[in-house]
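Okay, structure first, notes after.
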Amino acid sequence: MTSCSPNQRLPHHPRASEYLLSAQERWSYEATLNSIYARAGIAFKKMDQETDDHIGIELEFMSLLAERMAENESNRLELHAAIKAQADFLENYMLPWVPAFCRELDAAADHTLYQTWAETVSAYLNEDLHNLRVYAAEQQLFR
Numbered sequence: 007m008t009s010c011s012p013n014q015r016l017p018h019h020p021r022a023s024e025y026l027l028s029a030q031e032r033w034s035y036e037a038t039l040n041s042i043y044a045r046a047g048i049a050f051k052k053m054d055q056e057t058d059d060h061i062g063i064e065l066e067f068m069s070l071l072a073e074r075m076a077e078n079e080s081n082r083l084e085l086h087a088a089i090k091a092q093a094d095f096l097e098n099y100m101l102p103w104v105p106a107f108c109r110e111l112d113a114a115a116d117h118t119l120y121q122t123w124a125e126t127v128s129a130y131l132n133e134d135l136h137n138l139r140v141y142a143a144e145q146q147l148f149r
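Residue numbers (the working numbering): 7 to 149.
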């Protein structure tokens with residue numbers, strides 16, 4: 007169980023493997039994520055029990071890809087790569103589990119801060135994927 011506030015607990019840690027995989031499959035999944043991060047040229051300095059599939063690490067990865075997208079707006083090849091990486095990561099690695107985590111957090115939290123965070127993150131990820139697809143279509147990046 008994971009602490010959500012002094013009085014509440016979540017049934018799972020905020021990690022993808024807790025929601026998607028059996029204990030035997032977790033190492034392989036984390037290795038896959040580590041490979042994705044490495045291909046993007048990103049290495050994380052993790053704290054305590056953070057793993058490559060921790061929501062904090064995955065959100066930071068998306069943030070770094072968004073920075074890369076902003077920095078490369080004039081370079082269509084780099085822009086395409088950054089948008090594709092973000093959309094693929096959202097669709098294949100975050101959206102399959104984050105909404106379930108956010109629902110659990112919202113239900114378990116006894117403070118509106120956590121409830122609002124859960125609602126915002128879940129909605130934002132879906133909106134971000136939609137916006138990435140729209141932007142790519144407008145820029146005619148995915149042909």
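All C-beta atoms, glycine included, are put in the ideal place defined by N, C-alpha and C. Being a predicted model, the structure only gives us computed values, none of them experimental.
Where residue i sits in the DSSP three-state scheme
i, result
"residue 60", "strand"
Cβ shell of residue i (< 8 Å), same chain only, five flanking positions each side left out
i, result
"residue 48", "67 and 70"
"residue 85", "75, 78, 79, 145 and 147"
Spatial neighbours of residue i in its chain, beta-carbon cut-off 7 Å, leaving aside the 5 residues before and after
i, result
"residue 131", "96, 100, 101 and 104"
"residue 134", "96"
"residue 27", "35"
Inter-residue Cα distance where the pair is residue i and residue j
i, j, result
"residue 92", "residue 141", "12 Å"
"residue 22", "residue 137", "23 Å"
"residue 114", "residue 52", "26 Å"
"residue 63", "residue 106", "17 Å"
"residue 24", "residue 139", "28 Å"
"residue 33", "residue 41", "12 Å"
"residue 121", "residue 20", "15 Å"
"residue 37", "residue 43", "10 Å"
"residue 35", "residue 118", "32 Å"
"residue 46", "residue 116", "38 Å"
Endpoints, alpha helix (DSSP H) assigned at residue i
i, result
"residue 99", "Careful: residue 99 lies outside any alpha helix (DSSP H) and carries neither H nor E."
"residue 86", "82-95"
"residue 132", "118-144"
"residue 107", "104-114"
"residue 45", "32-45"
"residue 24", "22-26"
Neighbourhood of residue i by C-beta, 6 Å cutoff - its chain only, sequence neighbours within 5 removed
i, result
"residue 124", "108, 111 and 112"
"residue 82", "none"
Residue i beta carbon near the ligand NAP (any heavy atom closer than 7 Å)
i, result
"residue 102", "This structure lacks the ligand NAP, and indeed carries no ligand of any kind."
Cβ neighbour criterion (16 or more within 10 Å) applied to residue i
i, result
"residue 39", "buried"
"residue 73", "exposed"
"residue 31", "exposed"
"residue 128", "buried"
"residue 60", "buried"
"residue 88", "buried"
"residue 57", "buried"
Residue-chain proximity (residue i, chain D), Cβ-Cβ < 8 Å
i, result
"residue 116", "In summary, chain D is missing from the structure at hand, where a single protein chain is found."
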